[in-house]
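Numbering (our numbering), first residue to last: 15 to 270.
No residue lacks a Cβ here, since even glycine has one placed at the ideal position from N, Cα and C.
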Amino acid sequence: MKTALKNRIDKRFGSRKAFIVYAVCLFVTVATLAVSIVSFFVFARHPVEKLAEHILLCALAMFLLNIPPFLRARFRFQTPSFLQIIIAVFIMAHCVLGEIYLFYTRIPFYDKFLHISAGMVIAILGFSVVYGFAKNESGHVKLSPFFLALFSFCFALALLTLWEVLEYGMDAMFGMNMQRWQNGLTEVEIDGATQWVTDPAKGSGLVDTMEDLIIGIIGAAVFSVLGALWVKKHPGSTKFYVTRAHADGQSLSLKD
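Dropping the structure here:
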């Protein structure tokens with residue numbers, strides 16, 4: 015039974031460290047969802063809109079957490095342990111800690127740190143994908159380091175933009191505050207009636223979106239340049255990149 019469990023972990027995660035971090039992040043997400051449901055039905059601490067928001071965020075986190083293990087088990091994409099760990103931590107840091115536990119508003123620059131780091135992580139993924147598929151049978155890359163850097167930068171830019179579109183969609187459909195548009199609202203009295211208007215001094219959803227994109231682009235650009243320099247210096251190395259095993263290949267052993 016112990017051997018079977020090790021083989022299963024090996025097939026889905028590749029290392030014990032990656033599995034432990036995944037398990038911890040999944041546990042925190044599920045526990046947060048359970049606490050939100052109990053708080054709503056037992057203690058009535060949250061309105062139904064807030065409960066729906068927490069359910070959506072936890073479901074999104076659990077879905078994203080399971081993408082790397084699924085790709086590894088189903089399509090044999092072997093992601094380095096450190097990259098799997100970073101992805102899992104970022105998912106929980108955004109969906110659970112940032113949105114549900116309000117780290118974005120309680121911790122200064124938390125949002126900006128995550129976005130610049132997210133740009134770098136997404137660029138790593140883009141770099142890994144094109145790097146792996148560009149290698150020929152001899153193990154050398156057929157594409158220039160400049161093209162690899164350009165692709166990874168554009169890949170990161172595309173996903174960062176899609177994420178901002180997702181944030182807008184969640185805010186528009188469910189009244190959430192992922193774009194921080196509610197932070198810039200100020201209650202004023204106009205012609206004897208109370209209305210909510212945008213205070214430019216406090217920012218708006220547009221400001222938050224553009225700041226997030228700019229910071230993410232900076233992170234993606236930094237890694238794209240560093241990645242190009244790495245490939246130029248180590249053209250045959252796959253230490254930091256996603257690879258794909260052959261159809262008859264064996265899974266990686268539990269080295270960590």
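Whose CA, out of Ala234, Phe89, Ile81, Ile99, lies closest to the CA of Arg30?
-> Ile99
So what's Thr257 in DSSP terms, helix, strand or just coil?
-> strand
Unbroken alpha helix (DSSP H) run spanning Phe33, endpoints = 30–52
Measure the C-alpha to C-alpha separation of Tyr182 and Glu225 and round it to an integer number of angstroms.
-> 14 Å
Cβ shell of Ala137 (< 6 Å), same chain only, five flanking positions each side left out | Ser166, Ala170, Ala234, Phe237, Ser238
Leu85 vs Phe91 beta-carbon contact at 8 Å = yes
Kindly list the residues whose CB is nearer than 6 Å to the CB of Leu19, restricted to its own chain and excluding five residues on each side of it in sequence; keep chain order.
-> none
What are the boundary residues of the alpha helix (DSSP H) that includes Cys72?
-> 62–79
With DSSP collapsed to three states, give me the class of Ser265.
-> Annotation note: pLDDT 41 at Ser265 (below 50); position unreliable, coordinate value reported separately. Of the three classes helix, strand and coil, the one that applies to Ser265 here is coil, per DSSP.
Specify the secondary structure class of Asp270 as computed by DSSP and reduced to three states.
-> Note that Asp270 scores 41 on pLDDT, short of 50, meaning its location in the model is unreliable; the coordinates nonetheless yield the value given after this. Asp270 falls in the coil class under three-state DSSP.
Starting from the C-beta of Thr223, find all residues in its chain whose C-beta is less than 8 Å away, skip the five residues before and the five after it, and write them out in chain order.
-> Glu178, Glu181, Tyr182, Gln193
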